[in-house]
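Engineer: Let me begin by handing over the structure; questions about it come next.
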Amino acid sequence: IRFYLHDQFTGSNRTSAVVLPPLNNETLFGQVAIIDDKLTKESPINSKLVGRAKGFLVLDSLSSSSFLQSMTVELEGRKGTIVFHGQNPFTESQREIAIVGGTGEFRNVQGYALTSSVGSEP
Amino acid sequence: IRFYLHDQFTGSNRTSAVVLPPLNNETLFGQVAIIDDKLTKESPINSKLVGRAKGFLVLDSLSSSSFLQSMTVELEGRKGTIVFHGQNPFTESQREIAIVGGTGEFRNVQGYALTSSVGSEP
Amino acid sequence: IRFYLHDQFTGSNRTSAVVLPPLNNETLFGQVAIIDDKLTKESPINSKLVGRAKGFLVLDSLSSSSFLQSMTVELEGRKGTIVFHGQNPFTESQREIAIVGGTGEFRNVQGYALTSSVGSEP
Chain A
1 IRFYLHDQFT GSNRTSAVVL PPLNNETLFG QVAIIDDKLT KESPINSKLV
51 GRAKGFLVLD SLSSSSFLQS MTVELEGRKG TIVFHGQNPF TESQREIAIV
101 GGTGEFRNVQ GYALTSSVGS EP
Chain B
1 IRFYLHDQFT GSNRTSAVVL PPLNNETLFG QVAIIDDKLT KESPINSKLV
51 GRAKGFLVLD SLSSSSFLQS MTVELEGRKG TIVFHGQNPF TESQREIAIV
101 GGTGEFRNVQ GYALTSSVGS EP
Chain C
1 IRFYLHDQFT GSNRTSAVVL PPLNNETLFG QVAIIDDKLT KESPINSKLV
51 GRAKGFLVLD SLSSSSFLQS MTVELEGRKG TIVFHGQNPF TESQREIAIV
101 GGTGEFRNVQ GYALTSSVGS EP
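Residue numbers (full-length UniProt numbering), protein chains in the order written: chain A, 1 to 122; chain B, 1 to 122; chain C, 1 to 122.
Right, dumping it as structure tokens:
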């Protein structure tokens, strides 16, 4: 399964919100955000919507750019959710996030997801 | 295992507290609550206490009523905890929450729990 | 695998920060802290650094001293992370925390960790 997650934290269609501010400006340690992000089939945000990722991000690194990403993913046409919970050092080119459980069609899933950042747009 | 969870967020015996306020009034997106809720054997809150559920709820949906529910459950007479972590669209009649781990007697558990809402009382 | 975690919440080299204050002074229910703690090979903090533990703590007990501890552990010389997520009644002499997943060398791990408190230093 492959999808593109759009974390829109600015603009009029924001899908994430900072609920606790960072304690430093370098690594943003201390910041907490809540997300309800769109997942699309291809990279452009206006490509086919295939699901949503709901959860939160905790900026928890004093030395690098990284957050603990805890979210459930629901996909169009599939019943249930996949539960992601793991560290995402988001400036590295490729990362792994742990999958810790699931419901519906995804009951008892365990494993990991590979992620990379495609880019950021205003 | 079946139990009834009582989330008392008002009154003098509150077992949960909102620690971050919602960012909208429709879905309460952005709200975070911490819970130490009673679990009882039957539906009435004054029925036999069988355990506690401790953890937190993150309201993470822009379009519906849902929270990411992360909690550990301890049961009277049993050693250890069951770790729940998953999305709970709490207005649906029946939901599943992922079980992602456990300790003591519940070491290495994985699976899911079926939940439904019985009602709310003042 | 054995290591010592140093949660330095005071002083000039703090590795954890309270981001939400407690709602009571007895059990600190309601408090949330974010951590990027040092892991060392032996008990003294100046012993060999073997890794970091990043994540957060949610004080979620009305009746005792306990927090939900959610963190990823990275170890020197090992690729990947171990994801811990469970209740830590930190005043008990020995506790178990659930391990719910992992990445890299620790892909698909599940289990538990035994923890105990060695002491606190200023």
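Backbone N, C-alpha and C define an ideal beta-carbon position, used for all residues, glycine too.
#1: Can the beta-carbon of B:GLN87 be found closer than 9 Å to that of C:GLN110?
#2: Out of C:SER65, C:GLY51, C:PHE90, C:LEU23, point me to the one whose CA is closest to C:ILE1's CA.
#3: Counting only beta-carbon atoms, is C:GLY101 nearer than 9 Å to chain A?
#4: Tell me the DSSP bridge mates of C:ASN88?
#5: When the Cα atoms are used, what is the spatial distance from A:GLU63 to B:SER12?
#6: Which residues of chain A have a Cβ atom closer than 7 Å to the Cβ of C:ASP60, listed in chain order?
#7: Give the single residue among C:PHE84, C:GLU105, C:GLU92 whose Cα lies nearest to the Cα of C:ALA98.
#8: So, is the C-beta of B:ALA33 closer than 9 Å to a C-beta in chain A?
#9: What separation, rounded to the nearest whole angstrom, lies between the Cα atoms of A:SER65 and A:LEU28?
#10: Quick check on C:PHE106: does DSSP put it in helix, strand or coil?
#11: Tell me which residues share the same chain as C:SER70 and place their Cβ nearer than 6 Å to its Cβ, disregarding the 5 neighbours each side in the sequence.
#12: Across the segment 18 to 38 of chain C and the segment 7 to 21 of chain B, are there enough close Cβ pairs to call them in contact, namely three or more that are closer than 8 Å?
#13: Could you tell me the boundaries of the beta strand (DSSP E) in which C:THR115 lies?
#14: Using C-beta distances below 8 Å, list every residue in its chain close to C:GLN94, excluding the 5 sequence neighbours before and after it, in chain order.
#15: With A:ILE34 as the anchor, note down where its beta strand (DSSP E) starts and where it stops.
#16: Please report the straight-line C-alpha distance between C:ILE82 and A:TYR112, rounded to a whole angstrom.
#17: With 16 other CB atoms within 10 Å as the buried threshold, where does A:SER47 fall?
#18: For B:THR72 and B:ASP37, which I take to be in contact (beta-carbon distance under 8 Å), what is that distance rounded to the nearest angstrom?
#19: Of the residues that make up the segment 60 to 82 of chain B, which ones have a beta carbon closer than 8 Å to any beta carbon in chain C?
#20: For the beta strand (DSSP E) that contains B:GLY55, what are its first and last residues?
#21: For B:VAL18, which of helix, strand or coil comes out of DSSP?
#22: Are A:GLU105 and A:LYS79 close, meaning C-beta to C-beta below 9 Å?
#23: Taking only beta-carbon atoms, is C:ALA17 less than 9 Å away from chain A?
Structural biologist: The short version:
#1: Here the question's residue 87 of chain B lines up with position 87 in the second sequence. Here the question's residue 110 of chain C lines up with position 110 in the third sequence. For B:GLN87 and C:GLN110, no; Cβs fall outside 9 Å.
#2: Taking the third sequence and counting its residues from 1, the one referred to as residue 1 of chain C is at position 1. With distances taken between Cα atoms, C:ILE1 lies closest to C:GLY51.
#3: Taking the third sequence and counting its residues from 1, one reaches residue 101 of chain C at position 101. It does; some Cβ of chain A falls within 9 Å.
#4: The count along the third sequence starts at 1 and reaches residue 88 of chain C at position 88. According to DSSP, C:ASN88 bridges with C:PHE67.
#5: For the purposes of this step, residue 63 of chain A is taken as the residue at position 63 of the first sequence. For the purposes of this step, residue 12 of chain B is taken as the residue at position 12 of the second sequence. Here residue 63 of chain A turns out to be Ser, not Glu, going by the sequence shown. Each residue's Cα considered, the two are about 44 Å apart.
#6: As a position in the third sequence, residue 60 of chain C is number 60, starting the count at 1. For C:ASP60, no chain A residue has a Cβ inside 7 Å of its Cβ, as the nearest lies near 16 Å away.
#7: As a working mapping, residue 98 of chain C is identified with position 98 in the third sequence. C:ALA98 has its Cα closest to that of C:PHE84, out of C:PHE84, C:GLU105, C:GLU92.
#8: On the second sequence, position 33 is the one that residue 33 of chain B refers to. No, B:ALA33 lies away from the interface with chain A (no Cβ there is under 9 Å from its Cβ).
#9: Stepping through the first sequence from its first residue, residue 65 of chain A is reached at position 65. Stepping through the first sequence from its first residue, residue 28 of chain A is reached at position 28. Each residue's Cα considered, the two are about 8 Å apart.
#10: Stepping through the third sequence from its first residue, residue 106 of chain C is reached at position 106. Of the three classes helix, strand and coil, the one that applies to C:PHE106 here is helix, per DSSP.
#11: Indexing the third sequence from 1 puts residue 70 of chain C at position 70. Only GLY55, PHE56, HIS85 meet the Cβ criterion.
#12: yes
#13: Here residue 115 of chain C corresponds to residue number 115 of the third sequence, with the count starting at 1. Here the beta strand (DSSP E) through C:THR115 covers 111 to 115.
#14: Residue mapping note: residue 94 of chain C aligns to position 94 of the third sequence, counting from 1. When the five nearest sequence neighbours on each side are left out, the beta carbons in the same chain lying within less than 8 Å of the beta carbon of C:GLN94 are those of LEU114, THR115, SER116, in order along the chain.
#15: What you label residue 34 of chain A is simply residue 34 of the first sequence in a count that begins at 1. Its beta strand (DSSP E) spans residues 32 to 40.
#16: By 1-based counting over the third sequence, the position of residue 82 of chain C is 82. By 1-based counting over the first sequence, the position of residue 112 of chain A is 112. Cα-Cα distance, rounded: 12 Å.
#17: One-based indexing of the first sequence puts residue 47 of chain A at position 47. Counting Cβ neighbours within 10 Å, A:SER47 comes out exposed, since fewer than 16 surround it.
#18: Taking the first residue of the second sequence as 1, we reach residue 72 of chain B at position 72. Taking the first residue of the second sequence as 1, we reach residue 37 of chain B at position 37. In fact, because the Cβ distance is near 11 Å, the residues do not count as touching under 8 Å.
#19: SER70, MET71, THR72, GLU74, GLY80, THR81
#20: By 1-based counting over the second sequence, the position of residue 55 of chain B is 55. Where B:GLY55 is concerned, the enclosing beta strand (DSSP E) stretches over 49 to 59.
#21: Position 18 of the second sequence holds residue 18 of chain B. DSSP places B:VAL18 in strand when its eight states are reduced to three.
#22: Translated into the one-based positions of the first sequence, residue 105 of chain A becomes position 105. Translated into the one-based positions of the first sequence, residue 79 of chain A becomes position 79. Yes, they are a contact pair.
#23: For the purposes of this step, residue 17 of chain C is taken as residue 17 along the third sequence, with counting starting at 1. Yes - at least one Cβ of chain A is within 9 Å of the one on C:ALA17.
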